[in-house]
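**Q**
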Amino acid sequence: MRSQWNKLQSAVRAQFKEPVEMTVFAYNDQMQKDTVMSPIDSIKYLRMFLQIGSLAVDPYSGEIKAWIGGVDHRWFKFDHIRSRRQVGSTFKPFVYATAVSRQGFSPCFKVEDMPYTITPGESNFDLIKEWAPSNSEGKWTYQSLTLRDALRVSKNSITVYLLKQIGSVEPVISMLDGMGIEKEAKYPNGQPIIPRVPSIVLGAADLMVWEMAGAYTTFANNGTYSQPYHIRKIEDKNGRVLFEQVPEQSLALKPEYNYVMLDMLRYNNSTAPGFNKIKTPTGGKTGTTNSYVDGWYMGVTPNLVIGTWVGGEERWIRFRSIQYGQGARMARPFFQFLVEALEKDTKYGWDATAQFKRPTGDIGIEMDCGAYNELRTLNPEDSLDDGFGDEL
């Protein structure tokens, strides 16, 4: 029996190595090409192509305007809008939003870029061993950064600092729940999709493009979450309405706190390459995961929220370095090119002059860093937003 099995394996291996005529995917006018290669080489060939999952959502209604599940459905059947991948630093705005709403942090508040550790028994983290993550580059500058700059350069250290001020991951998870990412959701094996561990704040959780795009509608819609939907109405042949979608919305973040977050997301794009070509007001956050496997970009405009993931068909497919294996190179260009195309093509009716909503009245948080620094100089004790100034 074993000899027969070995003989069968050898025959299959030989067949897989035998070159044959075949048609494979290619980036040309036909999106395919005829070639000669072995079946095993064809598998390797197809795994070389990066995949994409991108969802464009109207932030005010939740209506899905564009759904891209992959590069070509004929060759790659898997829908990456619904796949779960680590989200990297695109998760950090949820942590910042929680800190802003609970402690009233100004985007001008400064924190030193240094190691921060959460120890066993600290606050409500329930750790059995200490957690001391490093920055993505593996070092610290020991310089003070505003929260605005810290989010722009995606410092892990300062996200951990904010989590320590929050005192638990539960408020962050509750923030997510209000933005449509269910805090009690579980995998079929019963494990939580959002684990109650500090590492989630650095993007360790596996989430869907669908969930992330929905959550970011909050930032573009004055703090109100809009649940994405793709069927507006169903009618029978006589025009009788059988189903009509009622947008599902809920306030996830008070408008004044949301405006602070929107300010920081917009600041992220202020110095990013390529955005000077775009007239539309934009904001966003990149995300890169360990070993350069996944690249994300969550982009917001007054008209659309566009969530984009780019990576390999399998998780073991990755870039060798961060030069190309980062969200800024993998996913952000798609957002930029799409908005540029919408601005140029009049048939889409894109309004590049539309503006994000600003809450009426006083925001209650100083967002002008010149005025903020002057206030701290004149009255250093009362001007601290969070009450943790001694820790700096």
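Numbering-wise (our numbering), the sequence shown opens with residue 16 and increments by one. Every residue, glycine too, gets a C-beta built ideally from N, C-alpha and C. Given the structure is predicted, the values throughout are model-derived calculations rather than measurements.
1. Tell me which residues share the same chain as Tyr176 and place their Cβ nearer than 6 Å to its Cβ, disregarding the 5 neighbours each side in the sequence.
2. Give every residue of the same chain whose Cβ lies closer than 6 Å to the Cβ of Ala200, excluding the five residues on either side of it in the sequence, and list them in chain order.
3. For Arg99, which three-state DSSP category applies?
4. Considering only C-alpha positions, which residue in the set Met279, Pro54, Glu78, Leu70 is nearest to Leu166?
5. Identify the continuous beta strand (DSSP E) that holds Met194 and give its terminal residues.
6. Would you identify the three-state DSSP class for Ser398, choosing helix, strand or coil?
7. On the CB-based measure, 16 or more other CB atoms within 10 Å of its CB, does Arg347 come out buried or exposed?
8. If you check the beta carbons only, do Gly195 and Gln101 fall under 9 Å apart?
9. Quick one: what does DSSP say Val308 is sitting in, helix, strand or coil?
10. Name the residue from Lys154, Ser159, Val216, Phe234 whose alpha carbon lies nearest to the alpha carbon of Ile321.
11. Who pairs with Trp146 in a beta bridge, going by DSSP?
12. By the 10 Å Cβ neighbour count, where 16 or more other Cβ atoms means buried, how is Tyr387 classified, buried or exposed?
13. Over what stretch of residues does the beta strand (DSSP E) that includes Lys92 continue unbroken?
14. Assign Val261 to one of two classes, buried (16 or more other C-beta atoms within 10 Å of its C-beta) or exposed (fewer than that).
15. In chain order, what residues of the same chain have a beta carbon less than 8 Å from the beta carbon of Glu185, not counting five sequence neighbours either side?
16. What three-state label does DSSP hand Phe352 in the structure shown?
17. Could you give the first and the last residue of the continuous beta strand (DSSP E) run that contains Tyr240?
18. Measuring alpha carbon to alpha carbon, tell me which residue in Val110, Val86, Trp225 is nearest Ile188.
19. Take Leu222 and list the residues in its own chain whose beta-carbon comes closer than 7 Å to its own, dropping the five residues that flank it on each side.
20. Taking the alpha-carbon of Glu226 as reference, which of Phe106, Met52, Lys59 has the nearest alpha-carbon?
21. Please classify Thr38: does DSSP put it in a helix, a strand, or coil?
22. Taking a contact to mean a Cβ-Cβ separation below 9 Å, would you say Glu250 touches Ile293 in this structure?
23. Distance check for Lys300 and Leu154, CA to CA, integer angstroms please.
24. Would you mind working out which of Thr295, Ile337, Pro34 sits nearest Gly310, comparing C-alpha positions?
25. Grab me the residues of Thr295's own chain with a C-beta within less than 6 Å of its C-beta, minus the 5 sequence neighbours each way, in chain order.
26. Go ahead and pull the three-state DSSP assignment for Phe140.
27. Within 10 angstroms of the Cβ of Ile96, are there 16 or more other Cβ atoms? Answer buried if so, exposed if not.
28. Give the single residue among Gly302, Ser69, Thr286 whose Cα lies nearest to the Cα of Lys170.
29. Could you check the C-alpha separation between Pro288 and Gln351 for me, to the nearest Å?
30. For Val256, report the span of its alpha helix (DSSP H) as first-last.
31. Rounded to whole angstroms, what's the CA-CA distance from Arg163 to Pro122? Just pull it up for me.
32. So what does DSSP say about Leu408, is it helix, strand or coil?
33. Write down every uninterrupted run of the alpha helix (DSSP H) in the stretch 46-130 whose length is 4 residues or greater and which is fully enclosed by it, in chain order.
34. With C-beta atoms as the reference, is Met345 less than 9 Å away from Gly314?
35. Taking the C-alpha atoms as reference points, what is the distance between Phe93 and Trp324?
36. Out of curiosity, what's the CA-to-CA distance linking Arg373 and Asp73?
**A** According to the data block:
1. So the qualifying residues of the chain are Val126, Tyr131.
2. The residues are Ile208.
3. Here Arg99 sits in coil by DSSP.
4. Measuring from the Cα of Leu166, the nearest candidate turns out to be Met279.
5. From DSSP, Met194 is part of no beta strand (DSSP E); its letter is neither H nor E.
6. The pLDDT assigned to Ser398 is 41, lower than 50, so where the model puts this residue is not dependable, and the model offers no usable value.
7. When all chains shown are included, Arg347 counts as buried.
8. One thing to note: Gly195 has its Cβ no nearer than 9 Å to the Cβ of Gln101.
9. For Val308, the three-state secondary structure derived from DSSP is coil.
10. Closest option to Ile321, judged by alpha-carbon separation, among Lys154, Ser159, Val216, Phe234: Phe234.
11. Beta-bridge analysis with DSSP links Trp146 to Ile133.
12. Residue environment: Tyr387 is assigned as buried (16 or more neighbouring CB atoms within 10 Å of its CB, all protein chains considered).
13. Where Lys92 is concerned, there is no enclosing beta strand (DSSP E), given that its DSSP letter is neither H nor E.
14. The residue is exposed, with fewer than 16 neighbouring Cβ atoms inside 10 Å.
15. Apart from the 5 residues on each side of it in sequence, Glu185 sits with its Cβ closer than 8 Å to the Cβ of Asn139, Arg211 in its chain, given in chain order.
16. DSSP places Phe352 in helix when its eight states are reduced to three.
17. Counting along the chain, the unbroken beta strand (DSSP E) around Tyr240 starts and ends at 239-241.
18. Ranking Val110, Val86, Trp225 by Cα distance to Ile188 puts Val110 first.
19. Spatial neighbours of Leu222 in its own chain (CB-CB distance under 7 Å, excluding positions within 5 residues in sequence) are listed in chain order as Arg99, Val102, Ile196.
20. Of Phe106, Met52, Lys59, the residue nearest in Cα terms is Phe106.
21. Residue state, collapsed to three classes: strand.
22. For Glu250 and Ile293, no; Cβs fall outside 9 Å.
23. The sequence as given places Lys at residue 154; Leu does not occur at that position. Taken atom to atom, the span from the alpha-carbon of Lys154 to that of Lys300 is near 21 Å.
24. Here the closest residue by C-alpha is Ile337.
25. Result list for Thr295: Thr316, Val354, Ala367, in chain order.
26. For Phe140, the secondary structure class from DSSP, reduced to helix, strand or coil, is coil.
27. Burial call: buried.
28. Lys170 has its Cα closest to that of Gly302, out of Gly302, Ser69, Thr286.
29. Distance between the alpha carbons of Pro288 and Gln351: 10 Å.
30. Segment 256-259 is the beta strand (DSSP E) holding Val256; no alpha helix (DSSP H) there.
31. Going by the C-alpha atoms only, they are around 5 Å apart.
32. Only positions 16 to 407 of the chain appear in this structure, which leaves residue 408 out of reach.
33. You should have 54-62, 107-118.
34. Their beta carbons are not under 9 Å apart, which means Met345 does not touch Gly314 by this criterion.
35. Cα to Cα, Phe93 sits roughly 14 Å from Trp324.
36. Approximately 18 Å, taken between the alpha carbons.
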